[in-house]
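Okay, so here's the structure we're looking at.
Numbering (this note's numbering), first residue to last: 65 to 149.
Okay, structure coming up:
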């Protein structure tokens, strides 16, 4: 098995903590990826609503802008959260 990203550690407990850190980073990456998929899905549905006449281009632009801001804030918060570890 490969050593964790923080190194093997001086004892078994520290090595397990380092593996736990890697697991938390992986979960944070999955959270950001799911946020990205959610924003893309919502933007796509808003885009399809434009063609059926239920939405406007302004609403689509607002959806994309708010989604981008949410992604940036989410990435920033998860970066700060993993920095606490």
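Even glycine gets a Cβ: it sits at the ideal position worked out from N, Cα and C.
- Within the same chain, 92 come within 8 Å of residue 145 by CB-CB distance, once the 5 residues on both sides are set aside.
- Cβ-Cβ distances below 6 Å link residue 101 to nothing in the same chain once the five nearest sequence neighbours on each side are left out.
- Counting the other Cβ atoms within 10 Å of the Cβ of residue 131 gives 16 or more, which makes it buried.
- Distance between residue 68 and residue 83, taken at the CA atoms: about 5 Å.
- Annotated three-state conformation of residue 120 is coil, per DSSP.
- A distance below 7 Å between beta-carbons, with the five flanking residues on each side excluded, links residue 96 to the following residues of its chain, in chain order: 138, 139 and 142.
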